[in-house]
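For reference, the structure is listed below as structure tokens.
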Amino acid sequence: MYSQIAANKRKTVFVMLVFVSFVALISWIFALYLGGRPTIFYGVVAGSVVYALITYFAGARMALAVNGAREIQKSDNPRLWRIIENLSITDGLPMPKVYIMDDPAPNAFATGRDPNHSAVCATTGLLDIMSDTELQGVFAHEMGHVKNYDIRVSMIAFAMTAVISLIADVILRMTWFRDDREENNNPYVMVAGIAAAILAPLVATMIQLAISRNREYLADATGALTTRYPEGLASALEKIAQTGSVVRRQNTATAHLFFANPLKGHSLASLFSTHPPIEERIARLRNMETHA
2 MYSQIAANKR
12 KTVFVMLVFV
22 SFVALISWIF
32 ALYLGGRPTI
42 FYGVVAGSVV
52 YALITYFAGA
62 RMALAVNGAR
72 EIQKSDNPRL
82 WRIIENLSIT
92 DGLPMPKVYI
102 MDDPAPNAFA
112 TGRDPNHSAV
122 CATTGLLDIM
132 SDTELQGVFA
142 HEMGHVKNYD
152 IRVSMIAFAM
162 TAVISLIADV
172 ILRMTWFRDD
182 REENNNPYVM
192 VAGIAAAILA
202 PLVATMIQLA
212 ISRNREYLAD
222 ATGALTTRYP
232 EGLASALEKI
242 AQTGSVVRRQ
252 NTATAHLFFA
262 NPLKGHSLAS
272 LFSTHPPIEE
282 RIARLRNMET
292 HA
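Each position in the sequence shown, counted from 1, maps to that position plus 1 in this note's numbering.
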């Protein structure tokens, strides 16, 4: 468990290095397109790093806001609050902020940059169909993400995606609206700029895929060990498999945060889903119970 936490911290550094390298590459192409001035290159890199840091520190609030989550107190939903409070005590973690998302699809997610700045969210659909034992299993999984520092890597991925998408959009706009008669219009640079802008979203997706499927398996295992009852989480997954987990607000930038894939099946992003098949997750949990 502790080795996985250390691996997640190393993964954060690796993802950051990949991001900076890719931003530097497309910034260099961007600078060439505008005449090869080094000040443009340094300006774009510096601006991207600053924007990424701002997005990272504000990422949890942004992720909650784009999904329409509202913060609650204990009096608003004592049942949910009590379950999360008990899990926090069991895991030895600070009590996270608690949110509810008005959506009929049963789903949940955790966000934040570390256990001291974490939040968990449940959809109204999840609260409606889950028993207390199943709800405990779901949030033991989400608290597992907090405990294993998955949420930090997720926030990095969220920030990187936002920056890369912004740069790609600027390059495409300048490419299409740039006057062909302007000086320094090198057709090769123009082609490279368009290619970089087209590839940028794919690179952003790969950054999200750096949050591998193994983190979901690990969070399942962590949750099962916390509750000492793998069947509770397995039963919750079975209900989600039957009802579906697709939420109304489709957002690919935050999809990797959710307990189950929140995107529609025909979405291109679903082909690169960081969520393993629910059936496989259930089988692993049942296997844990068999060998307990």
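The beta carbon of each residue, even a glycine, is placed where N, CA and C say it ideally should be.
Computed from a predicted structure; not experimentally measured.
Beta-bridge analysis with DSSP links SER246 to no other residue. Distance check between LYS98 and each of ALA163, GLY126, MET144 places MET144 closest, using alpha-carbon atoms only. Its chain contains PHE42 as the residues whose beta carbon lies nearer than 7 angstroms to that of TRP29, once the 5 sequence neighbours on both sides are disregarded; these appear in chain order. Between the C-alpha atoms of ARG153 and ASP115 there is a straight-line separation of about 6 angstroms. Closest option to PHE260, judged by alpha-carbon separation, among ILE84, TYR52, PHE140, TYR57: PHE140.
Around the beta-carbon of LEU88, 16 or more other beta-carbon atoms lie within 10 Å, marking it buried.
Between the alpha carbons of GLU232 and GLU280 lies a distance of about 14 angstroms. Excluding sequence positions up to five before and after ASN117, its CB lies within less than 6 angstroms of the CB of PRO95, all in the same chain and listed in chain order.
With respect to the 8 angstroms criterion, ASN108 and THR124 are classified as neighbours on the basis of their beta carbons.
The way I'd put it, the region 151 to 165 doesn't touch the region 242 to 252; fewer than three beta-carbon pairs between them come closer than 8 angstroms.
Nearest Cα to GLU239 within the set LYS75, SER132, ALA254: SER132. Judged by DSSP in its simplified three-state form, TYR100 adopts strand. Counting C-beta pairs with one atom in each stretch, the region 16 to 26 and the region 72 to 87 have fewer than three that are closer than 8 angstroms, which means they do not touch.
Positions of the alpha helix (DSSP H) runs, each at least 4 residues long and wholly inside the region 71 to 121, are given as 79 to 92 in order along the chain. Here the C-alpha atom of ARG282 lies approximately 18 angstroms from the C-alpha atom of ASP151. Secondary-structure assignment with DSSP links ALA123 through a beta bridge to ILE101, ALA109. Distance between TYR230 and GLY138, taken at the CA atoms: about 8 angstroms. One thing to note: HIS276 has its Cβ no nearer than 8 angstroms to the Cβ of ASN288. Beta-bridge partners of PHE42 (DSSP): none assigned.
Burial of LEU219 is indicated by the presence of at least 16 other C-beta atoms within 10 angstroms of its C-beta. Under DSSP, PHE259 takes part in a beta bridge, and its partners are PHE110.
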